[in-house]
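Residues 114 to 175 (the numbering used here) are what the sequence shown spells out, left to right. We treat Cβ as the ideally placed atom computed from N, Cα and C, and that holds for glycine. The structure under discussion appears below in the form of structure tokens.
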Amino acid sequence: MKAIVDPDLCIGCTLCVQICPSVFEMHDDKAFAYADPVPGSDIETCRDAARQCPVNAIILEE
Ligand code: F3S
114 MKAIVDPDLC IGCTLCVQIC PSVFEMHDDK AFAYADPVPG SDIETCRDAA
164 RQCPVNAIIL EE
């Protein structure tokens, strides 16, 4: 699975980094998914981060 943060949508709330720090990190004021592909052990927390993003900026590609 691949995770992509849409930088035009991300408002930099940092929630995804708090939920899943092994996949997401902040670059300046936007989140970036640095784990590519998302390791199997992080898929569920990554899905959780995508669900909880307040602006639905996280796109998951299976
Ligand atoms: Fe941005 Fe959503 Fe993460 S707003 S910082 S992608 S939770």
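Give me the Cα-Cα distance between residue i and residue j, rounded to the nearest whole angstrom.
i, j, result
"E174", "V168", "18 Å"
"L122", "A170", "5 Å"
"V151", "G125", "21 Å"
"I132", "D141", "18 Å"
"E138", "A146", "7 Å"
"S135", "C129", "10 Å"
"T158", "A116", "12 Å"
DSSP state of residue i, grouped into three classes?
i, result
"I156", "helix"
"I171", "strand"
"V151", "coil"
"V130", "helix"
So is residue i buried or exposed if we call it buried at 16+ other beta carbons inside 10 Å?
i, result
"D155", "buried"
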